[in-house]
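I have placed the structure first, in the form of structure tokens, so that the comments after it can refer back to it.
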Amino acid sequence: MSAVFKTMEAGFEPMTEARLDEVVAIERRAYGHPWTRGNFADSLRSGYQAQLLCAGDFVLGYFVAMQGIDEVHLLNITVDPACQGQGWGRVMLDALSLWARGQGAQWLWLEVRNSNARAQEIYLRYGYRRVGDRKNYYPADGGREDAIVMSLRL
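Quick note on my numbering: the sequence shown kicks off at 183 and runs consecutively.
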């Protein structure tokens, strides 16, 4: 299935309430502790930047970001597990960076699970730097997991 998307044109569209079932399905396939439909709905109601990356009618991935005064905080970025390893994460990071610059942001911020080495490597290759830790930030099986805080100067 994913090989088809390598040759299809992809583009962005705003995340809407009508597509949340698809988003939540991807979220559940991708994570052991996924965001809920309510988390996404709240983000939309709050006016956060929420974009879908689509190839035709198929959602390849999405991101949700919150704008601050001179910064943007990436809250969620996910590539459908069936489409990972094809560069779609970088495409979404590029789109996020361009949008953030257009909003006058000077920094991008994010948290990533301490155990998510793959995501950390993607962020480091993109230019993010590790700037701190948040203890017990994420829910985890049997307790809590620390987060690594990363930032990118735009």
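Virtual Cβ for every residue (Gly too), placed ideally from N, Cα, C.
Remember, it's a predicted structure, so these values are computed and weren't measured experimentally.
Start-to-end residues for the beta strand (DSSP E) that takes in residue i
i: Asn318; result: 311–322
i: Tyr244; result: 240–249
i: Gln231; result: 231–237
Run of the alpha helix (DSSP H) containing residue i, from where it starts to where it stops
i: Met197; result: Segment: none, Met197 is in no alpha helix (DSSP H) and carries neither H nor E.
i: Gln302; result: 299–308
i: Ala207; result: 202–212
i: Ala287; result: Careful: Ala287 lies outside any alpha helix (DSSP H) and carries neither H nor E.
Length of the line joining the Cα atoms of residue i and residue j
i: Arg307; j: Gln288; result: 19 angstroms
i: Gly271; j: Tyr213; result: 15 angstroms
i: Met183; j: Cys265; result: With a pLDDT of 42 at Met183, under the threshold of 50, the modelled position of that residue is not reliable, and no figure is offered here.
i: Glu293; j: Val331; result: 5 angstroms
i: Arg283; j: Thr218; result: 29 angstroms
Collapsed DSSP secondary structure at residue i in the structure displayed
i: Asp262; result: coil
i: Leu336; result: coil
i: Val186; result: Note that Val186 scores 48 on pLDDT, short of 50, meaning its location in the model is unreliable; the coordinates nonetheless yield the value given after this. DSSP places Val186 in helix when its eight states are reduced to three.
i: Asp252; result: coil
Nearest residue (CA-CA) to residue i, options the options
i: Cys236; options: Leu280, Gly250, Tyr305, Met197; result: Met197
i: Val206; options: Asp262, Asp239, Phe194, Ile251; result: Asp262
i: Leu336; options: Ser279, Arg326, Asp315; result: Ser279
i: Leu334; options: Arg312, Arg326, Glu191, Gly286; result: Arg312
Under 7 angstroms between C-beta atoms of residue i and residue j
i: Asn298; j: Asp328; result: no
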